[in-house]
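Chemist:
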Amino acid sequence: GPQIDAMVDAFGRTGEQLLVDLTSHEFDVRHALGRPGPKDLPVWDIAADFGVTMLLASSVERHGLGPMAVLAGGRSWQVGGDGEPQATLTTSPFELVRALMGRRSAAQVAHMGWSGWPAPYIQAFENDLFHFAASDILE
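If you read the sequence shown in this note's numbering, its first letter stands for residue 100, the second for the next number, and so on.
1. Can we say the segment 147-159 touches the segment 171-182, given the rule of at least three CB pairs closer than 8 Å?
2. From the DSSP output, in three-state form, read off Trp-176 for me.
3. Going by DSSP, what residue range makes up the beta strand (DSSP E) through Leu-170?
4. The beta strand (DSSP E) with Ser-214 in it runs from where to where?
5. Is Gly-215 closer than 8 Å to Ala-186 when the C-beta atoms are compared?
6. Give the DSSP-derived three-state secondary structure of Ala-186 in the structure shown.
7. Of all the options Leu-140, His-130 and Gly-133, which has the alpha carbon lying nearest to the alpha carbon of Val-119?
8. Is it right to say Ser-123 is buried, meaning 16 or more other beta carbons lie within 10 angstroms of its own, or is it exposed?
9. DSSP three-state call for Asp-235: helix, strand or coil?
10. Short of 7 Å in beta carbon distance, which residues of its chain neighbour Pro-135, apart from the five on each side in sequence? Order them along the chain.
11. Is the Cβ-Cβ distance between Thr-190 and Gly-212 less than 8 Å?
12. Starting from Pro-141 and walking both ways along the alpha helix (DSSP H), at which residues does that stretch end?
13. Indicate the three-state DSSP secondary structure (helix, strand or coil) for Arg-134 in the structure shown.
14. Taking Cβ positions, are Leu-195 and Ala-232 nearer each other than 8 Å?
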């Protein structure tokens, strides 16, 4: 509610991380119970921005990959430096976040809406915190 919204805004990026964690774990529980939730919540836009700027960007850099573009929910990001993106991922904020948070297998990430040369960028969806799911997760 409004009280939580005010606290999250006051925490800045930490507040965004709180939202990402809460929402991600809520959907883990929903999946386990067979009770899917809405995939078009505004929180997925916040989570997508957090995931791309805090997780994917550093992972792309750590792997020494060049520019990559991400398009999700009317938003766009470029990570890995300036210049022409070598790969572009177009997906929903929901799928982007679930992939960045280890809730998708490597095969699922590879079969997302890629253009260009995505193969080297698949590995960037694993980071110090999250690894690929051992098998496909269908939500």
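The C-beta atom is built at its ideal place from N, Cα and C for all residues, glycine as well. These figures come from a predicted structure and were not determined experimentally.
Modeler: Well, looking at it:
1. yes
2. strand
3. 167-171
4. 212-215
5. yes
6. strand
7. Leu-140
8. buried
9. coil
10. Arg-129 and Glu-238
11. yes
12. 141-149
13. coil
14. no
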